[in-house]
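Enquirer:
Numbering (the working numbering), first residue to last: 106 to 304.
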């Protein structure tokens, strides 16, 4: 890993975004890159473990096989980003804006999405086990075959989302808004589905 300061990292990354070239296998672990604009970045195999990316901008980025484990991603803007096969274990995405983004086939174990905006996102086949989505907005989200096992969704909005074949076993679903949500073949604890349709 290069021992650059923050401005040098910004200049290096800007070269790639300006030319639309893809960054391959870059290591930015344990670096402070808060409030940096990564918009339209194309990256494959980037490691950002324990990196401070608070309030950074990732709009319209393409991120493949990237590792954001334990990263500080509070208040980041991932809107319209396309992420696949990425890892966000133990990361903090509190109040992040992820609207209209894709986070498919990704691992987000023990990840915090509290008060995050995931409106109209794609979360197909991703794992969110043991994570928290307290008061998060998942309106219109497509999360088919995703796993929310042992997850806290207290106060979250799942309105008009598609959660077919998703796994909600052992999850906290207090005050969740299921209005218009699709849950065909989704897995719940005994008696939960009946309570959802009672409302």
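Note that the Cβ used here is the ideal one computed from N, Cα and C, for glycine as well.
(1) Taking the alpha carbon of residue 217 as the point to measure from, which residue in 152, 205, 234 and 230 has its own alpha carbon closest?
(2) Would you say residue 256 and residue 236 are within 8 Å of each other, going by their C-beta atoms?
(3) Is residue 189 helix, strand or coil by DSSP?
(4) Pick from 197, 184 and 227: whose alpha carbon is nearest that of residue 247?
(5) Take residue 284 and list the residues in its own chain whose beta-carbon comes closer than 6 Å to its own, dropping the five residues that flank it on each side.
(6) What is the rounded straight-line gap between the Cα of residue 116 and the Cα of residue 276?
(7) Mind checking whether residue 269 and residue 249 have CB atoms under 8 Å apart?
(8) Short check: CB of residue 202 to CB of residue 183, under 8 Å?
(9) With distances taken Cα to Cα, identify the nearest neighbour of residue 134 among 127, 123, 225 and 111.
Expert: The short version:
(1) 234
(2) yes
(3) strand
(4) 227
(5) 264
(6) 44 Å
(7) yes
(8) yes
(9) 111
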